[in-house]
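Below is one structure; the comments refer to it alone.
Residue numbers (the numbering used here), protein chains in the order written: chain X, 1 to 285; chain R, 286 to 912.
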């Protein structure tokens with residue numbers, strides 16, 4: 001333990017570098033997307049058929065070039081972030097909240113609650129993803145909210161299983177027993193003692209899933225199950241630009257970079273957050 | 286086994302010679318120096334004890350001899366380890382090749398570890414594991430190896446060796462496993478055996494057996510032994526020579542009698558003064574606080590004063606336990622019918638009075654912890670009544686029972702495990718106050734936490750730190766502060782000082798006694814350590830297989846033990862006095878299991894009074910297990 005405390009200074013520097021880079025990347029993206037209405041009042045919709053497929057860094061009006069319909073790529077990347085970030089972040093948050101609650105209850109109380117909830121999870125896992133997607137979206141129709149709702153339904157299981165597993169390991173630990181001996185009630189034990197101890201792996205899974213869901217949204221849109229294809233989104237732009245990859249790489253590369261930077265930023269923030277949440281300073285479990 | 290008869294070994298010089306050995310951990314400009322410049326010799330056929338507290342570097346030293354530090358992230362930064370193998374001239378193990386080391390490990394130098402369960406591979410049978418060393422080093426075929434394995438098991442006095450060979454480690458008890466480990470270590474007739482705290486995890490009666498076996502085998506095979514321990518009692522029983530280590534350095538080396546009779550280094554003196562000695566309170570009716578010598582930055586310092594603990598008030602008991610029974614279901618058929626039960630506690634009755642310490646003594650499986658946990662409502666009792674302050678717990682409403690958790694507090698054995706690593710210690714100490722709504726105002730709570738920290742000998746600013754930033758002894762103080770936060774009347778201390786180093790243990794025991802006097806606390810002190818019991822308790826209850834076999838005042842039970850099990854327990858305690866004759870009584874027998882098939886209820890002992898307040902279970906001529 002004495003060894004763990006003497007973490008080399010270089011490592012701490014790397015930690016803060018991680019934080020700064022994460023904030024810059026994820027924060028920058030978020031800010032740009034939030035103010036996209038001010039930056040690009042046209043919403044990246046205005047076409048200029050005379051200026052189709054302009055390469056980047058040549059025309060000051062279209063720094064990142066234009067797409068096959070002559071729309072500004074930069075504008076579309078920034079505006080497209082609205083859908084992508086909304087879907088990516090909200091779907092993950094929703095799944096985390098639902099999954100964590102289920103996992104906590106199932107793992108802590110065991111018994112009937114666990115059996116019922118975990119069988120639910122098993123059924124969920126047994127159904128093919130695309131099948132549920134088609135089923136849900138056929139019933140509910142398409143739209144951003146429906147896509148988010150569907151992703152939550154599809155993904156809470158991951159968190160539930162992860163959390164339940166951690167809770168099972170934690171609930172018999174002595175500090176939980178000692179909290180009970182003091183007279184701490186179940187609710188407080190779950191939220192004050194168990195939850196902080198399972199957050200680490202949740203945070204990591206979350207950051208990974210944000211990227212996953214941004215791409216998932218485009219797959220769904222591609223299948224006609226997602227958002228209105230006319231509204232720009234990063235995943236949608238990637239898919240659209242695919243056919244021009246040979247002749248006009250910029251149409252798909254810039255939205256791809258946007259996804260990459262966002263995800264990288266979030267991952268860095270996630271790593272930092274996990275370490276921040278763990279006062280013992282053990283980087284990994 | 287080969288030709289090492291004890292006589293042929295006593296020839297030229299030491300078997301093992303460690304010269305200015307230093308071991309470092311961690312990289313970077315300031316690696317952690319675990320062992321600093323340590324030198325000692327091990328003579329053939331003799332026992333060298335390396336004594337020290339946690340962090341003294343004693344285990345690292347032993348690992349470094351085998352070069353096992355290579356696998357634990359350590360680095361031997363200087364020094365040499367000269368070993369004289371049976372087949373050639375002395376060689377320096379520090380520079381030896383991996384191939385040469387593999388020949389030596391297990392063959393010439395063998396090792397036994399503290400935790401026999403984790404040192405045995407759970408997926409192989411005992412026979413397989415002993416046989417492995419034999420086929421590897423001695424080139425025996427499988428059949429011969431099995432025969433030899435059987436011989437070895439008989440050597441370590443394991444009954445029924447034939448069937449044991451086909452058992453798996455989890456099917457054996459802790460003591461049996463440790464004997465298997467010894468059999469494995471001795472399989473190739475090593476010239477040097479390194480035993481790293483081999484009995485620390487075992488019950489005292491089992492410990493006594495294991496120590497006996499090691500000693501007998503050593504005499505028979507002429508093996509030299511390095512015995513690593515923190516227990517001065519074990520040192521006195523086992524060692525010829527003693528090396529005392531402190532903070533990575535060797536501070537003293539001498540023959541065992543000299544170390545005990547005239548310790549030179551202040552640390553050795555402090556260590557010896559802290560060792561609880563069984564029999565030190567003979568003739569005194571009440572427990573007594575005695576000053577402790579502690580090392581304060583290299584200088585020994587005395588803390589505390591002699592004080593007789595006259596705190597008990599025998600007018601009206603605070604806690605009355607009557608015929609308490611706790612059983613657990615284990616083993617179910619496919620259809621969910623219970624086939625076996627653990628009879629953890631069987632009709633146990635006792636009282637605790639205000640300001641009194643009652644010690645519950647017993648070995649593993651005696652049910653002592655289950656009693657504590659049942660009283661703290663962590664485990665549901667199967668039967669019996671518990672009255673706290675005259676009120677029956679069974680008749681209490683849920684909210685009253687919750688309130689009881691304010692009046693009764695529990696201190697666990699492992700302070701690190703019982704503190705939530707994600708919260709500051711201030712949060713943990715404040716928790717009972719918050720949960721029971723004792724103080725509403727944030728500031729008042731903080732003030733109370735600071736007071737509590739000061740009462741247990743820590744500083745208020747420690748409240749903002751996390752558990753991992755403290756040492757073991759400080760953490761136990763934090764747990765005590767937490768237990769006292771709700772102003773309880775009864776504190777259940779479950780092996781609360783057992784995992785601590787002796788000098789820390791002595792301080793914590795004194796702290797508990799001081800707090801008892803100041804707050805008129807009652808303690809239920811659960812432990813296996815008879816020497817600590819003698820120091821702290823007013824009355825003692827001895828538990829065996831879930832039942833009390835003897836209960837009475839400490840003086841009566843210790844000075845006039847009536848039950849054979851009590852006597853056995855007392856005689857098994859290693860005494861920190863090398864002048865005493867070693868191993869006068871041979872203790873045999875395992876502790877029986879409290880698991881019974883459904884329908885086979887254990888017989889409840891009848892008690893008879895042999896003195897005022899001194900009750901003993903009536904023994905049938907042959908009481909199970911207690912020989």
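Here a beta-carbon is modelled for each residue, glycine too, at the ideal position from N, C-alpha and C.
DSSP, read as helix, strand or coil, puts residue 706/R in coil. Excluding five sequence positions before and after residue 26/X, the CB atoms of its chain that fall closer than 7 Å to its own CB belong to 262, 265, 266, 269, given in chain order. In the three-state reduction of the DSSP assignment, residue 899/R falls in the strand class. Unbroken alpha helix (DSSP H) stretches of 4 residues or longer found wholly inside the region 112-195 of chain X: 129-140, 144-171, 174-182, given in chain order. Distances from the CA of residue 664/R to each of 629/R, 775/R, 805/R were compared; the closest alpha carbon is that of 629/R. Taking the C-beta atoms as reference points, residue 704/R is found nearer than 7 Å to residue 713/R. With respect to the 7 Å criterion, residue 833/R and residue 510/R are not classified as neighbours on the basis of their beta carbons. Residue contact check for residue 691/R against chain X: a CB pair falls below 7 Å.
At a cut-off of 7 Å between beta-carbon atoms, residue 236/X makes no contact with chain R. Linking residue 396/R to residue 371/R through their CA atoms gives a straight-line distance of about 18 Å. Assigned with DSSP and collapsed to three states, residue 515/R falls in coil, not helix or strand. Distance between residue 358/R and residue 16/X, taken at the CA atoms: about 27 Å. Per DSSP, the unbroken alpha helix (DSSP H) holding residue 735/R starts and ends at 727-740.
In chain X, no part has a C-beta under 7 Å from the C-beta of residue 422/R; the shortest such distance is about 35 Å.
The three-state secondary structure of residue 695/R, taken from DSSP, is strand.
Following the DSSP letters along the chain, one finds residue 530/R inside the beta strand (DSSP E) bounded by residues 526-531.
Proximity of residue 720/R to chain X, defined by a Cβ-Cβ separation below 7 Å, is satisfied. Ranked by Cα distance from residue 191/X, the first of 69/X, 105/X, 28/X is 105/X.
The beta-carbon distance between residue 666/R and residue 609/R, rounded to whole angstroms, is 6 Å. This is short enough to meet the 8 Å contact definition.
Contact of residue 707/R with chain X is assigned, a C-beta pair being separated by under 7 Å. Looking at the DSSP output, residue 813/R sits in no beta bridge, so it has no partner there. Residues 560, 861 of the same chain have their beta carbon placed closer than 6 Å to that of residue 517/R, with the five preceding and five following residues left out of the count. In the DSSP annotation of this structure, residue 781/R is not part of any beta strand (DSSP E), being labelled neither H nor E.
In this chain, residue 348/R is not harboured by any beta strand (DSSP E); it is covered by the alpha helix (DSSP H) spanning 343-350. For the region 501-525 of chain R, the beta-carbon criterion of a distance under 7 Å to any beta-carbon of chain X is satisfied by none of its residues. Around residue 186/X, no beta-carbon contact reaches into chain R at under 8 Å, the shortest distance being about 12 Å.
A Cβ-Cβ distance of about 33 Å is found for the pair residue 147/X and residue 20/X, leaving them out of contact under the 8 Å criterion. Taking a C-beta distance under 7 Å as the contact criterion, residue 835/R and residue 812/R do not qualify as a contact pair. Taking C-beta atoms as the reference points, residue 831/R and residue 899/R fail to come closer than 7 Å. Contact annotation: the region 47-62 of chain X does not touch the region 177-194 of chain X, with fewer than three C-beta pairs closer than 8 Å. When DSSP reads this structure, residue 477/R sits in a beta bridge with 394/R, 509/R. Residue 248/X sits away from residue 77/X, with the two beta carbons spaced by 7 Å or more. Counting along the chain, residue 832/R sits inside the beta strand (DSSP E) bounded by residues 832-838. Pairing residue 107/X with residue 203/X gives a Cβ-Cβ distance that is not under 7 Å.
Looking at the DSSP output, residue 403/R sits in no beta bridge, so it has no partner there. When DSSP states are grouped into helix, strand and coil, residue 318/R belongs to the strand group.
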